[in-house]
Each structure stands twice: as structure tokens, then as C-alpha cells.
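S.K.: Position one of the sequence shown corresponds to residue 1 (this note's numbering), numbered consecutively onward.
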Amino acid sequence: MVDTHCPYCALQCAMTLTPSGDGVQVAPRDFPTNRAGLCHKGWTSTQVLRTPDRITTPLVRDATGELVPASWDAAYERIVSAVRRAQVQHGNDAVAVFGGGGLTNEKAYALGKFARVALRTAMIDYNGRFCMSSAAAAGNRAFGLDRGLPFPLADLGGADAIVLVGSNIAETMPPAVQHLAGARGRGGLIVIDPRHSATASLADDGQGVHLQPLPGTDLQLLLGLLHLVIQLGGVDESYVAQRVSGWDEVRAQAVAWWPARVMSATGVSDQALRAAAQILIAASPAAGGRGAYVLTGRGAEQHAHGTDTVTAAINLALALGLPGRQGSGYGCITGQGNGQGGREHGQKCDQLPGYRKITDPVAREHIASVWGVAPQDIPGPGRPAVELLRALGRPGGPRVLFVHGANPAVSGPDATVIRERLRSLDLLVVCDFVPSETAMLADIVLPVPQWAEEEGTMTSLEGRLLRRRRAVQPPADVRDELVIWHDLAERLGARSSFPVEAAETFAELRRASAGGIADYSGASYDLLADESHPVHWPVAIAAGTPRLFLERFATKDGRAKAVVPTVASVADDVRPDAALYLLTGRVLQQYQSGAQTRRVPELVRGSGDNYVQLHPLTADRLSLEEGTFAEIRSARGVVQARVRLSADIRPDCVFMPFHYDGLVNANDLTTSAVDPISAMPEFKVCAVDVRPCDQANPVSRSLAEEAV
Ligand code: SF4
1 MVDTHCPYCA LQCAMTLTPS GDGVQVAPRD FPTNRAGLCH KGWTSTQVLR TPDRITTPLV
61 RDATGELVPA SWDAAYERIV SAVRRAQVQH GNDAVAVFGG GGLTNEKAYA LGKFARVALR
121 TAMIDYNGRF CMSSAAAAGN RAFGLDRGLP FPLADLGGAD AIVLVGSNIA ETMPPAVQHL
181 AGARGRGGLI VIDPRHSATA SLADDGQGVH LQPLPGTDLQ LLLGLLHLVI QLGGVDESYV
241 AQRVSGWDEV RAQAVAWWPA RVMSATGVSD QALRAAAQIL IAASPAAGGR GAYVLTGRGA
301 EQHAHGTDTV TAAINLALAL GLPGRQGSGY GCITGQGNGQ GGREHGQKCD QLPGYRKITD
361 PVAREHIASV WGVAPQDIPG PGRPAVELLR ALGRPGGPRV LFVHGANPAV SGPDATVIRE
421 RLRSLDLLVV CDFVPSETAM LADIVLPVPQ WAEEEGTMTS LEGRLLRRRR AVQPPADVRD
481 ELVIWHDLAE RLGARSSFPV EAAETFAELR RASAGGIADY SGASYDLLAD ESHPVHWPVA
541 IAAGTPRLFL ERFATKDGRA KAVVPTVASV ADDVRPDAAL YLLTGRVLQQ YQSGAQTRRV
601 PELVRGSGDN YVQLHPLTAD RLSLEEGTFA EIRSARGVVQ ARVRLSADIR PDCVFMPFHY
661 DGLVNANDLT TSAVDPISAM PEFKVCAVDV RPCDQANPVS RSLAEEAV
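1. Three or more beta-carbon pairs under 8 Å between the segment 249-257 and the segment 298-307, yes or no?
2. What residues in its chain sit with their C-beta under 6 Å from that of M1, if we drop five residues either side in the sequence?
3. Rounded to the nearest angstrom, what separates T311 and P565 at their Cα positions?
4. In its own chain, which residues sit with a C-beta less than 7 Å from the C-beta of V563, not counting the 5 before and 5 after it?
5. What is the DSSP secondary structure of F553, reduced to helix, strand or coil?
6. For my contact list, I192 and L219 are in at a C-beta cut-off of 8 Å; report their separation, rounded to the angstrom.
7. Less than 8 Å between the C-beta atoms of A679 and D572, yes or no?
8. Which runs of the alpha helix (DSSP H) at least 4 residues long sit entirely within the segment 597-627? Give them in chain order.
9. Hey, V177 and A276: beta-carbon distance below 8 Å or not?
10. Just to confirm, are A415 and N665 a CB contact at a threshold of 8 Å?
11. Any idea if V708 is buried or exposed, counting beta-carbon neighbours within 10 angstroms, 16 or more meaning buried?
12. Within 10 angstroms of the Cβ of A704, are there 16 or more other Cβ atoms? Answer buried if so, exposed if not.
13. Any heavy atom of the ligand SF4 within a distance shorter than 7 Å of the CB on G42?
14. Leaving out five residues on either side along the sequence, give the residues of the same chain with a beta carbon under 7 Å from the beta carbon of L669.
15. Between which two residues does the alpha helix (DSSP H) containing V229 stretch?
16. For a test of the three-state rule: what should DSSP assign to E706, helix, strand or coil?
17. Rank C693, L222 and D519 by C-alpha distance to the C-alpha of G627 and give the top, closest one.
18. Using C-beta distances below 6 Å, list every residue in its chain close to S702, excluding the 5 sequence neighbours before and after it, in chain order.
19. Who pairs with Q710 in a beta bridge, going by DSSP?
20. Measuring only the C-alpha atoms, how far is A292 from A476?
21. Please determine if the segment 320-333 and the segment 543-553 are in contact, where contact requires at least 3 C-beta pairs separated by less than 8 Å.
22. Please list, in chain order, all residues of the same chain as S20 whose beta carbon is under 8 Å from its beta carbon, the five residues on each side excluded.
23. Evaluate S700 with the Cβ neighbour count: other Cβ atoms within 10 Å of its Cβ, from every protein chain shown; 16 or more gives buried, anything less gives exposed.
24. So is the beta-carbon of M173 under 7 Å away from any non-hydrogen atom of the ligand SF4?
25. Given a cut-off of 8 Å on the beta-carbon distance, is the pair F553 and R54 in contact?
26. From the DSSP secondary-structure annotation, give me the bridge partner or partners of T438.
27. Work out the CA separation of R479 and G158 for me, nearest whole Å.
28. Report yes or no: do the segment 393-405 and the segment 88-103 share at least 3 C-beta pairs separated by less than 8 Å?
29. Since I believe R470 is in contact with E481 (beta carbons under 8 Å), could you give me their beta-carbon distance rounded to a whole number of angstroms?
30. Between E455 and C431, what straight-line distance do the alpha-carbon atoms span, to the nearest angstrom?
31. In angstroms with no decimal places, state the Cα-to-Cα distance between G255 and I230.
32. My guess is that E387 and A409 are in contact by the Cβ rule of under 8 Å, so how many angstroms apart are they, rounded?
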């Protein structure tokens, strides 16, 4: 029996794995975040270990275009010669790396080092850019530090009010719903979502308020809430005076967002807005309440103005005096399993381990000393994910790409362009354990272990370090990424050593992170072995820091910075000929691009095929019925999906899950527009036209392909 944590989301539910026969049994463990709960994905997680199409040997594309089994030496040889050729002809940045928010801390760290020291390229970024980067940017700007939840999740239980802005945790991380019980029982759950989602329904029957704005208008809605907090006397003036800078400008902006103006922008009534503001004010410590939390999810963040939307949420929390106070606060609900740790140790194009800036000379010197290289040998900042992926194979762009723990062929915005760019490369190398859609485009696929077959650490949504433990051995010819990077670094003549063991890599990571914002130096595998002793970063000493900002924020002056957000419309606005907004999101049984969960029969039976959700009034207007097929067309692509009717969605929107590939990939429709600060794409909203279609002719294609 081995105690570990679920492979999927950032809740990192605790579980025990027991090998039995030819399978591995899963049992939930009691733990502060999941309290002995698991969702359907967690219960079935070990089935992916035995998936029939598991990749168990290196695959190399041969002269006929087929991926065929090859030796590790042959695969390495081809990789090294392609890297050398590309860099001689086009410079070091002709080789790029795309990482993932599901990699362990050790692998996230080693991948950043591999890119900069072995490949000597600045071109590294990762799929976490798609997930939390706007909240990270807003958190850094306001608090001087980005840790998703700067408090333990269990703290939510004591609050009178919890605001969820664009988060559907009832489907994405169901065990976390337990922590909403206190606020729901006191009528204090406020859910902001264009759909009456499973989470929004938790506010029904007097348990709170659901605000259902037009997509892309969360920022205006939050300004309206702040306006009412000011008007109703809910501002914690003493907190603002002592702990916040920039408040006067933020107040001046919010004063101009009166309820009628907010209603005209968002469609949310004065009455609903006022009810939410009153709940928040009553819950705030200044009014004698038990406390309140403002939490953001991808619905607020995945926009071309996501950083400013999160900033508006932070401003609301600051006005109420919540951040940096026990029992209250602001937080971002991280999505990917190691979305937190994965963004701290060097996978981001502008970052070095310990959440250090790559442009900071002191940081460069410190990391160079740990890596045994000269500071000037560490490349500067590279390109963020969308820009990097769209530059592949173009003049001046990368010619060789390594992909680790990601499936951008499905999960990238405007995915048909990304697939086209992946196909244009001189060499695509993908490390994976299943033939994901990206792996199937690769020239070389290297088989790697799955979560239950590896050792390492993860950092959960509350910044808590957790041990991931090996319960079973991987197939014989599978190699750990740490070994792969070590072998390739040696063949490329890297001037630094690459440990092959997770524990050794963690020891190096601790030294690299020492003194940084995300300081792990006081942690150790021994310390993390005892889960009754929680370790949240920063952990320069073994005690760790469960609650941040109680004395001061991590800014230079110790005050939180209230920033005036810029109000903008969605990047892909509704045109007269495309009268609906498409929203994308998740369903209970699937995870991210679905590369793992679409291989679990039980989950596939539960979620069914992809679908498009419409309001019955919209369907009636478009002559669509439940179960028929609709064609959904944006300025970038066209897909078909089966119609599901629901009054839970606004009549001016349609919804599609984004977990599916091929003919029904919602990301063939989404826009590549990105936030100017975080470079996070606007996954959440794009203009579409929807019409009936012939189910016998399912298609998914870019408009360019259609024209051919
Ligand atoms: Fe828990 Fe998330 Fe795994 Fe579900 S997917 S069991 S919520 S960690």
C-alpha cells in the first residue's frame, strides 16, 4: 500500500494505492482538502496505467511516414543531430520546449534547466500559460507574490460569504464543495457565471446568489459590486488606510459604475447585484461578520483582459478588508495538478527557479552558481506559449520542439493553426505515456512513466508541498524524463550535471529556490513524509507558511497595491452574422485535453461525446432540437456537435466542453487573442454562428482548409 495523491487536478486528493492482480486499487484518504472524498476521475485514475494503447517503447517516424518502434540510442541520435543542425543553421532559439502544469516540481525544474543549459535556448514556456497566468500576474501586481490560495482551503469553512468568480468546482473538483458548506448554510455563496452551472445551483434555495452576466463582462460586474460596497458603507476604511495603496484611484473608477450602467453592460439586475453586495458587507470582518473570501477561476481569467478582471476581484476584496486576514481573503483556484509548483521553478519563459525573474542579475547569478555555469550563459526571456506555438516552423521561429506533459494539438487556442505549426517543424519530440493527438504528430515519441510509477513532489492549490510516490514499476523500456534529459544533456555536451533521481533533483531545486519568492529550501522528502505536518511555501525553515500576508504583503512597502483595471470588450466580439457567444469549459468526468480521461471507459460512458449546450429559446429560433446536430462556426473554424438543451445557459450563449479531439474540438473555434500582461488566451468567449447540420457529415476544419 502506498500513500500518494491523485494525478489530476490541483486539489491533489489524498489516496492510497494497492497493487492487486493486474490492476491497482484506489482508496481515498482523509486529508484536509478532500476529507476522504474523490471524484469519478480520481476513483478511476489507475485505469490509465493499463490502457491498451500505452506507449512502451520509443517510436520514430520512418521514411514511409509511420511511427515505428526504435531503440533509445537511435531516438537519441536522431534528436541530437536535429538539434545540432537546427542550431547551427538558425541559432540556439531554433530549438524550443513546451512543458506542462502536471509535471512534478522536480521535472518542472529540470526541464527549465535542460532548456537553458543543455539546449541553450530561451524558447521555453508551458501549458500553465493557458491556466492561471492572469491570476498570477494580478496577484504579483497586487500582493508582490502569487500563491493561488495564500491560506489553507479548509479556512473557507468558517466564512459567512464566499464569492466564486468563474469557477465551477462542483464539476472540476467536487470534494472541494465540502468547504462551501458553512457559507451556503448561512446564505452566503455568491457564484458569478454565465451558466447556471452545477456550482451556481449550490446557491439555490436561499443558500446564496447566482449572478449570470454576459460572457466577458465579469470586470464590469465586479466594478458594480465595488460601487455598491462603497455606496452602502461597506469599505473597511481603517484596513484600506493601513494596508492598501492606490485606493483613491480605484474608488474613483468604481463610483462611475452604478447599477443601471452595470446592468446595461452585463445583464445582471440591480436587485441581484445589491443582494450580493449586502451579503459580502455583512460577512466582512469590519461589519462584525465571520469573514469572506473572493475566489477566481478560469472563467474570470481566460480572457484578453483576464489580468484586469482578476485585479477587479482583488480590489473588491481589498475594499472589504479581506486579504492578509485570518478567516478572510482573496485566492485563485488553481486548475492543473501541479499548476502551482509548475509555475515556480523555471518552465515559464521569463522565470528562473524560486519564482525568480530571468532578467534579474542577482537571480541569474544565484541560479548560475547552482547550475555551475556563468550567468551570461543563461539565455534571457523567451516567448510565451501562444506566441511560441504560432511561431513554430515560421521564419525566425523554432524548427525543433520538445513537448512534455502537454497536448497543445487539442488544448491550444485556435488549435487548427497549432496543429499546422506542429506539422511544419523539422523535428517534433513528444514525451508521453499515451498516443495523445500531439504525440501522433511527432517525429519521435519517448515513453515515460505515469504518476503512480514515479517519485517526486507536487504543490497543491493552497501552496502545500506533497509527496508523490511510486506504487508500481513502469513498463521495462519506459524511461523517466529525468533520465532522458540527463542522457540528452550528456550527448549535447552540457556543462552541468543532470541528476537522474527525483530526491537528488529536489535537493538541487531546494538550493536553487533558496532566497527566492517560492523558497523550498527548508523542505525535504523526510519532512514531507509526515502529512500530519503541513508544509506550505515559503519554507525557508521547516515550519512553512500556511497563511501569507498576515503582517504585511510581499510588496516593497508592505501594502497591497490596488490597481485601476482597464475595461475592454471581448477580443472576438459578436458580429451581426454571428449572433452568439461560445463559452468553453469542463465536465465532471473529463480532464483538460482528455488524453488520459478519454481512455477510461467509465468516464467516457459518463460524459458521452462532445455536445453543444443551448437555451431552448435559442434552439427554437435556430430550428434545433435536443439530440440533433449543430454546426458551430467561428472566424477560425467549424465543428459539429450534438445539441443538448438547457435553460441553465443564457439565450445569447452556447457552451462546449474543451476535452475532445478531432471532429469536435472546441478549440478549433477559440481565438488566439491573449491578455497583454499575462499572455493568457481568451478561451472563454468567442463569437459563433450556430445552425442545423447533417449528422452524417461531421467536420472539424479551419476556414482555410474549408476554402481549399
Ligand atoms: Fe480530487 Fe481533482 Fe483527483 Fe477529482 S480530479 S479526485 S477532485 S484531485
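The C-beta atom is built at its ideal place from N, Cα and C for all residues, glycine as well.
M.R.: The answer reads as follows:
1. no
2. Stepping through the sequence shown from its first residue, residue 1 is reached at position 1. Excluding positions up to five away in sequence, the list reads T16 and T18.
3. Here residue 311 corresponds to residue number 311 of the sequence shown, with the count starting at 1. Here residue 565 corresponds to residue number 565 of the sequence shown, with the count starting at 1. Just so you know, the alpha carbons of T311 and P565 end up roughly 6 Å apart.
4. Numbered from 1 along the sequence shown, position 563 holds the residue referred to as residue 563. For V563, where only same-chain residues beyond five positions count, the Cβ hits under 7 Å are R141, A142, G246 and T311.
5. Counting from one through the sequence shown, the residue named residue 553 turns up at place 553. In the displayed model, F553 falls within coil according to three-state DSSP, outside both helix and strand.
6. Locating residue 192 in the sequence shown gives position 192, counting from the first residue. Locating residue 219 in the sequence shown gives position 219, counting from the first residue. No, I192 and L219 are not in contact; Cβ-Cβ is about 11 Å, not under 8 Å.
7. What you label residue 679 is simply residue 679 of the sequence shown in a count that begins at 1. What you label residue 572 is simply residue 572 of the sequence shown in a count that begins at 1. Judged by their CB atoms, A679 and D572 are not nearer to each other than the 8 Å cut-off.
8. 601-607 and 616-621, all fully within the segment 597-627.
9. Position 177 of the sequence shown, counted from the first residue, corresponds to residue 177. Position 276 of the sequence shown, counted from the first residue, corresponds to residue 276. No; because the gap between Cβ atoms is not below 8 Å, this pair is not in contact.
10. For the purposes of this step, residue 415 is identified with residue 415 of the sequence shown, where counting begins at 1. For the purposes of this step, residue 665 is identified with residue 665 of the sequence shown, where counting begins at 1. The answer is yes: Cβ separation under 8 Å.
11. Counting from one through the sequence shown, the residue named residue 708 turns up at place 708. Low confidence applies here, because V708 scores a pLDDT of 40, under 50, leaving its location unreliable and the question unanswered by this model.
12. Residue numbering aside, residue 704 sits at position 704 when the sequence shown is read from its first letter. In this prediction, A704 scores a pLDDT of 47, lower than 50, which makes its location untrustworthy; no coordinate-derived value is stated.
13. As a first step, residue 42 is located in the sequence shown; it is residue number 42 there, counting from the start. Result yes, Cβ under 7 Å from the ligand SF4.
14. Position 669 of the sequence shown, counted from the start, is the residue given in the question as residue 669. Here the set comprises L582, I632, S634, R636, G637, V639, C686 and V688.
15. Residue 229 sits at position 229 when you count from the first residue of the sequence shown. Following the DSSP letters along the chain, one finds V229 inside the alpha helix (DSSP H) bounded by residues D218 to Q231.
16. Position 706 of the sequence shown, counted from the start, is the residue given in the question as residue 706. Its pLDDT being 49, under 50, E706 is placed unreliably by the model, and the measurement read from it follows with that caveat. Helix.
17. Within the sequence shown, numbered from 1, the residue matching residue 627 stands at position 627. The option with the nearest alpha carbon to G627 is C693.
18. The count along the sequence shown starts at 1 and reaches residue 702 at position 702. Low per-residue confidence applies at S702: pLDDT is 48, beneath 50, and the placement is therefore not dependable enough to give any value.
19. Lying outside 1 to 708, the shown extent of the chain, residue 710 is not represented and no answer is given.
20. On the sequence shown, residue 292 is found 292 positions in, with the first residue counted as 1. On the sequence shown, residue 476 is found 476 positions in, with the first residue counted as 1. Approximately 52 Å between the Cα atoms of the pair.
21. Because the criterion of three Cβ pairs below 8 Å is met, the segment 320-333 and the segment 543-553 touch.
22. Locating residue 20 in the sequence shown gives position 20, where the first residue counts as 1. If we look at S20 and ignore the five residues flanking it on each side, it has no Cβ neighbours.
23. Start at 1 with the first residue of the sequence shown, and residue 700 comes out as number 700. For S700, the predicted structure reports a pLDDT of 46, less than 50, and the residue's modelled location is therefore unreliable. A value from the coordinates is still provided. Its Cβ being crowded by 16 or more others within 10 Å, S700 is buried.
24. Translated into positions along the sequence shown, residue 173 becomes position 173. Yes - the ligand SF4 has a heavy atom lying nearer than 7 Å to the Cβ of M173.
25. As a first step, residue 553 is located in the sequence shown; it is residue number 553 there, counting from the start. As a first step, residue 54 is located in the sequence shown; it is residue number 54 there, counting from the start. The answer is no: Cβ separation not under 8 Å.
26. Taking the first residue of the sequence shown as position 1, residue 438 is located at position 438. None; T438 has no bridge partner.
27. Here residue 158 refers to the residue found at position 158 when the sequence shown is read from its first residue. Here residue 479 refers to the residue found at position 479 when the sequence shown is read from its first residue. One C-alpha to the other measures close to 46 Å.
28. yes
29. Here the question's residue 481 lines up with position 481 in the sequence shown. Here the question's residue 470 lines up with position 470 in the sequence shown. With a Cβ gap of about 14 Å, E481 and R470 do not count as contacting.
30. Counting from 1 along the sequence shown, the entry for residue 455 is found at position 455. Counting from 1 along the sequence shown, the entry for residue 431 is found at position 431. The straight-line gap from Cα to Cα measures roughly 17 Å.
31. Taking the sequence shown and counting its residues from 1, the one referred to as residue 255 is at position 255. Taking the sequence shown and counting its residues from 1, the one referred to as residue 230 is at position 230. Note that residue 255 is Val in the sequence shown here, rather than Gly. If I take the Cα positions, the gap works out to 8 Å.
32. Counting from 1 along the sequence shown, the entry for residue 387 is found at position 387. Counting from 1 along the sequence shown, the entry for residue 409 is found at position 409. That belief does not hold up - the Cβ atoms of E387 and A409 are roughly 17 Å apart, past 8 Å.
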